[in-house]
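A.B. asks: Structure incoming, see below.
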Amino acid sequence: TDLRPLDILSEAVPAAGLARGMRVFQVQGVRGFQLSASRPRALGFPASRLFIHCDRFPEEFSIIVTLRALRGPAKRNEYIFTLMLEESPGVLVGLRYGPDKLHFLFWSQERAGGWQTRVTFPNVSLSDNQWHTLVLAVSGQSFSLTVDCSVPKDVVVETPFPASLSVRRASFYLGNRRRRKGVFTGLLRQLVLLPGADATPRICHAVNFKVATLSVPSVLQDVPAKPVSNEVLKYPYETDMKVTLGARPRCSKQEKAQFWFNASRRGLYLCNGSTWLSMLEVQHRLDYVEEHQNLVTNSETMGIEVFTIPKVGLFAAMANRVTPPGSAIYRWTDGKFVHYQNILTYQAQSWKYFTIGKKIFLAVANFEQNERGQEFSVIYKWSRRKAKFVAYQRLTTHSARDWEAFVIEGEAFLAVVNHREGNNHNIDSVIYRWNPRTGLFETNQTIPTSGAYDWEFFTIGPYSFLAVANTFNGTSTKIYSHIYIWLSGSFQLFQSILTFGAADWEVFHIGDRVFLAVANSHSYDSGTPAPSNFYAINSSIYELNITAQMFVKFQDLLTYSALDWEFFSVGDDSFLVVANSFDGFTFSVNSIIYRWQGYEGFVAAHHLPTVGCRDWEAFHTAEGSYLFYSSAKEPLSTVLKLKTT
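Sequential numbering from 1 applies to the sequence shown in full-length UniProt numbering.
The structure is reproduced here in structure tokens:
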């Protein structure tokens, strides 16, 4: 028996380049093919190109696959490959997967006409946007599946794999069964048939078994080199090591190169001759949340901005509703926020802190007109001489809700969300560009928005994006919010997502994954019957699908007139906290901290009593980590301390 690997994937790639319907993508440092659904037959080739000397499929063999499968609909099955006769719709040999199963298909000809047998491996989770390597070993009635070199799953079936399966006039098809339904939507890196042998021992000696290879097309082999071993561990060493226990010992030249184990913090430290250096320490984990400070504010608070002025300290700017006295700025002093400065504002909705060079600015979004009937939002500049913020530039706005500051290609921008002008919610919001010659912001671009609440700027690689939360178009809150991408000197539409009274976008990263969460505040449409509860609706988390080049829904979470999301981390754990403001009956609603649980997504971890919660801010000091929430219904905001273990 010829035991050389038969590289099915390489056979489908022309020597001169890629086949039609194939594109190369690199994710997590690994390359793979994306296969097009529009031309399934173009991704096929005659089986005779592999089976040169014999037109029979081997009786015993292994199939090795390396893939990255995307999350899909709950009942969707996708084909990794099929082997089919040209004149028949039946599958001679094939491999497909669902959300939690893998199916191996083969055609048995022991009876007249033949029939298809399906061998199912349950509890195989591949649709998680991660790379996986599968080894399927087949011998008679025995079928064994190894995923990422874990414990094999063995299945014995009544019908054995045929001893003499003809492949005459048959063709292999990559990622499909010769039709568009069930086309593979992920990335395929390796697809190899190894006759007469179990390939598991040949695959599972690799360092990174999730992308271990037996044979890979040359166009996919050029990946960044990474060290595969630790030079320190390459050879055995012996040494005398002394570890001290108990209270923190002295670290001097005499103790240099000695270790100390801190039992209370479960950490191992090394003395370098003067200080103890952390070598191994258990990461902090969020245990519970406790009330740290109740801050009585000028009036109800619509938003909070926490920021640090270098060499001055930590501050919090409160966007207070009532004028006068306007809005207050507090400074963190002796572990508490203390009143620092008052600024006259007009039903302020939010603040935005930003810097341009050495200049420090703070912009307020005013919702109402001043006493002269003028409607301005104001940019304040930090005066080092006065140690205060002083008015710097006024910009005409229309019921402004939010500011967003960002830098693209070295240029500074400031975007304002205009909510409405009179009773017209369908108006332009404005993006300003900093003019370094005049030292002022000037209009650069206008974007149509509908009762908008929030801008969110973010970057992915070299690309810059700006997402707007559209809330109300005059008749409905069921409208599209938009994501724009910066191209050729302006923002252009990238993607539209249906939202329900969207009040906030929050972008965050977990590892190399990019997420975008929307806070949906209420569902109202003048043209449809009223729901039982306008305010108890799902808010959604979307994940960037690099292959599809768009954000796709990842998870829905039930919220109650959600107005804000805030992402934060404690140690290695990631969290999202939502501002639930109203459940249809009362403003006294629990806001919830969700913990990232990997495959399960975000799971509720802590329920926090809040009243008309409007905004969350996470911040850190030398004393620990905190959450700060504002109430839009009472003149009281609360600082919570995160207690870790």
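A virtual CB, placed ideally from N, CA and C, is assigned to each residue, including glycine.
Keep in mind that this is a model prediction, so the values were computed, not measured.
Only counting the same chain, and skipping five residues up and downstream in sequence, which positions put a Cβ closer than 8 Å to that of L43?
C.D. replies: A12, A19, G21, M22, L35, S36, Y173, L174, G175 and N176
A.B. asks: How would you call residue 676, buried or exposed, if buried means at least 16 neighbouring beta carbons within 10 angstroms?
C.D. replies: No answer is possible for residue 676: the residues shown for the chain start at 1 and end at 645.
A.B. asks: Taking just the CA atoms, how far does R96 sit from residue 703?
C.D. replies: Residue numbering for the chain in the displayed model covers 1 to 645; residue 703 lies beyond these limits and cannot be assessed.
A.B. asks: What residues in its chain sit with their C-beta under 6 Å from that of F628, if we drop five residues either side in the sequence?
C.D. replies: The answer, listed in chain order, is I304, E617 and V639.
A.B. asks: Quick one: residues in its chain with C-beta nearer than 7 Å to the C-beta of F121, no 5 flanking neighbours on either side, listed in chain order?
C.D. replies: K101, L102, L145, K153 and V155
A.B. asks: In chain order, what residues of the same chain lie with their CB nearer than 6 Å to the CB of N298, ignoring the 5 residues before and after it?
C.D. replies: N320, P325 and A328
A.B. asks: Roughly how many angstroms lie between the CA atoms of D240 and S274, to the nearest whole one?
C.D. replies: Here D240 scores only 46 on pLDDT, less than 50, and its place in the model should not be relied on; the value that follows carries that caveat. Straight-line Cα distance between these residues: approximately 21 Å.
A.B. asks: Which runs of the beta strand (DSSP E), 3 residues or longer, sit entirely within the region 312 to 341?
C.D. replies: 313 to 320 and 327 to 333
A.B. asks: Check whether the Cβ atoms of L314 and T621 sit closer than 8 Å, and answer yes or no.
C.D. replies: yes
A.B. asks: Assign Y463 to one of two classes, buried (16 or more other C-beta atoms within 10 Å of its C-beta) or exposed (fewer than that).
C.D. replies: exposed
A.B. asks: For F337, which residues from the same chain have a beta carbon less than 6 Å from its beta carbon, with the 5 sequence-adjacent residues on both sides left out?
C.D. replies: L295, A316 and Y330
A.B. asks: Tell me the DSSP secondary structure of Q254 in three-state form.
C.D. replies: helix
A.B. asks: Report the rounded CA-to-CA distance for F602 versus Y594, giving the unit in angstroms.
C.D. replies: Taking the straight line joining both Cα atoms gives about 5 Å.
A.B. asks: Note down the Cα distance separating S637 from G612, rounded to an integer number of angstroms.
C.D. replies: 11 Å
A.B. asks: Quick one: residues in its chain with C-beta nearer than 8 Å to the C-beta of P249, no 5 flanking neighbours on either side, listed in chain order?
C.D. replies: E255 and W260
A.B. asks: Mark P529 as exposed unless 16 or more other C-beta atoms lie within 10 angstroms of its C-beta, in which case mark it buried.
C.D. replies: exposed
A.B. asks: When you compare each of D525, E600, F551 and S521 to D564 by their alpha carbons, which one comes out closest?
C.D. replies: Cα-wise, what sits closest to D564 is S521.
A.B. asks: Taking the alpha-carbon positions, what's the P14 to E59 distance?
C.D. replies: 29 Å
A.B. asks: Looking at I541: is its Cβ nearer than 8 Å to the Cβ of F568?
C.D. replies: no
A.B. asks: Are V211 and V30 closer than 8 Å when you measure CB to CB?
C.D. replies: yes
A.B. asks: Do F179 and P46 have their C-beta atoms within less than 8 Å of each other?
C.D. replies: What sits at residue 179 in the sequence shown is Arg, not Phe. The answer is no: Cβ separation not under 8 Å.
A.B. asks: Report the residue from W403, T301 and L6 whose alpha carbon sits nearest the alpha carbon of F190.
C.D. replies: As written in the sequence, residue 190 is Gln, which differs from the Phe given in the question. Looking at the Cα atoms, L6 is the closest of the given residues.
A.B. asks: Our contact map puts R68 next to L165 with C-beta atoms below 8 Å; I'd like the distance itself, whole angstroms only.
C.D. replies: At roughly 30 Å, the Cβ-Cβ gap does not stay under 8 Å, so R68 and L165 are not in contact.
A.B. asks: DSSP three-state label for T200, please.
C.D. replies: helix
A.B. asks: Leaving out five residues on either side along the sequence, give the residues of the same chain with a beta carbon under 6 Å from the beta carbon of A467.
C.D. replies: E456, I483 and W505
A.B. asks: Find out if the Cβ-Cβ distance for the pair T66, W131 is shorter than 8 Å.
C.D. replies: yes
A.B. asks: Can you pull the DSSP bridge partners for Y480?
C.D. replies: L498
A.B. asks: Do the CB positions of G501 and N473 come within less than 8 Å of each other?
C.D. replies: no
A.B. asks: Would you call E86 buried or exposed, if buried means 16 or more other Cβ atoms sit within 10 Å of its Cβ?
C.D. replies: exposed
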